[in-house]
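Undergrad: After the structure tokens below, expect a handful of questions from me.
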Amino acid sequence: MAYESNEKRMESVYSKRIRAGKRRTYFFDVRATRSNDYYLTITESRKKFNEDGYDRHKVFLYKEDFNKFLKALTEAVDYVKTELMPDFDFDAYNHDNYDNEGEVATSENIVAESTTVTPSPAAAPVADTLGEDVDKW
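Basically our numbering = 1-based index in the sequence shown + 4.
This is the structure:
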């Protein structure tokens, strides 16, 4: 029984994968606690060079820190874009137009990168608060 509750607790209710080159992938997973509270895990997964397997680093972000985290991240990214590298074309590195093998995606080979496992009405306010600030990037 304890195993089943741990499995349920570890399930993602929402997951978003971002491919960042050939060896790096970021995962954003919304997970539920036993008491139906929600938190975010951010995972960087890097394919090991000259070895099999992956190195993974994970950050847990709790709901009470969402706004502070998003504000600090936005400020740091904006600082790099406007103060340190104002002439750099950041859109040139937008990998959304590439498939898993680095080829230009076409309508025939596009695969959805986000998956909603279980919609939850309790998660809606989080999306509402985060959505406006994320679009400012």
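Glycine is no exception: its CB is placed at the ideal position from the N, C-alpha and C atoms.
Treat the numbers as computed from the prediction; the structure is a model and nothing was measured.
1. Nearest-angstrom Cα distance between Asp69 and Thr78?
2. How far does the alpha helix (DSSP H) with Thr78 in it reach, from first residue to last?
3. Does the Cβ of Leu88 have 16 or more other Cβ atoms within 10 Å, making it buried, or fewer, making it exposed?
4. Quick check on Ala96: buried or exposed, where buried means 16 or more other Cβ atoms within 10 Å of its Cβ?
5. How far does the beta strand (DSSP E) with Lys67 in it reach, from first residue to last?
6. Among the residues of its own chain, which have a CB less than 6 Å from the CB of Arg145, if the five just before and after it don't count?
7. Report all residues from its chain with a CB closer than 6 Å to the CB of Glu48; omit the five preceding and five following residues, and keep chain order.
8. Is DSSP giving Phe94 helix, strand or coil here?
9. Can you tell me whether Ile22 is helix, strand or coil according to DSSP?
10. Just verifying my parser: in three-state terms, what is the DSSP assignment at Thr45?
TA: A quick look at the data gives this:
1. Put simply, the backbone Cα of Asp69 is about 14 Å away from that of Thr78.
2. For Thr78, the enclosing alpha helix (DSSP H) covers residues 70-83.
3. Leu88 should be labelled exposed.
4. Counting Cβ neighbours within 10 Å, Ala96 comes out exposed, since fewer than 16 surround it.
5. DSSP places Lys67 outside any beta strand (DSSP E), giving it a letter other than H or E.
6. Look at the range of the chain in this structure, 5 to 141, and you will see that residue 145 is not part of it.
7. Closer than 6 Å at the Cβ level, and outside the excluded window around Glu48, lie Tyr30, His61.
8. Look at Phe94 here: in three-state DSSP terms it is helix.
9. Ile22 falls in the strand class under three-state DSSP.
10. Thr45 falls in the strand class under three-state DSSP.
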